[in-house]
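Structure first, commentary second.
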Ligand code: FES
């Protein structure tokens, strides 16, 4: 990716992060506290430190965004209807079984998550790094085709992903969205950037 294009993608992501709600502010504040006062080695550690997110305020069908290592990480609480679409739509996907190494082993399943209800995924398109948009409503409600089951649309070049971040066939994006290492500390607390195999 050229520097200019990379800068543009980074700016777009920053805008999306900035507009995605209270979860962002809380997580960013946790992840990068008083960065200016840290030594270089402390700063490096802070930039890669795991980020804890509280999902207790998420209703079914809602998504929040937290920042980890400067990237937007989406946490989507899927409804049972959303989970059903993961099964019925697989013939249209490029890598439905998550065979490409885009996720930790423990999320290489149909729902691409530890707990089927919660998708934890990096919101950066695998084409050129833009941040896809939520298109959760089925059908034409959000300008998608009539048979759209809900998912994500990358506005840059039109790549579409399902509600597990799996890319459709013949899209500009070559692979599924990336799943970060993570683990659940409780029913409502998820730690992003660390799992039981160690820190990423
Ligand atoms: S960056 Fe997503 S389709 Fe091009």
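Residue numbers (the numbering used here): 1364 to 1563.
We put the beta carbon where it would ideally sit given N, CA and C, even for glycine.
- For residue 1479 and residue 1537, the gap between their C-alpha atoms comes out near 24 Å.
- Distances from the alpha-carbon of residue 1419 to those of 1450, 1438, 1494, 1447 put 1438 closest.
- Distance from the Cα of residue 1486 is smallest, within the candidate group 1498, 1519, 1446, 1428, for 1428.
- Residue environment for residue 1450: exposed (fewer than 16 other C-beta atoms within 10 angstroms of its C-beta).
- With at least 16 other beta carbons inside 10 angstroms of its own, residue 1544 counts as buried.
- Residue 1476 and residue 1469 have their C-alpha atoms some 7 Å from each other.
- Taking the C-beta atoms as reference points, residue 1512 is found nearer than 8 Å to residue 1452.
- Setting aside the 5 residues that flank it on each side, residue 1552 is surrounded in the same chain by 1415, 1417, each with a C-beta closer than 7 Å to its C-beta; the list follows chain order.
- Fewer than three Cβ pairs drawn from the segment 1495-1513 and the segment 1458-1469 lie within less than 8 Å of each other, which leaves the two stretches out of contact.
- Between the alpha carbons of residue 1521 and residue 1489 lies a gap of roughly 12 Å.
- Residues with their Cβ less than 5 Å from any non-hydrogen atom of the ligand FES, running along the chain, are 1488, 1490, 1491, 1493, 1517, 1519, 1520, 1522, 1535.
- Residue range 1443-1451 is occupied by the alpha helix (DSSP H) that includes residue 1445, with no beta strand (DSSP E) assigned at that position.
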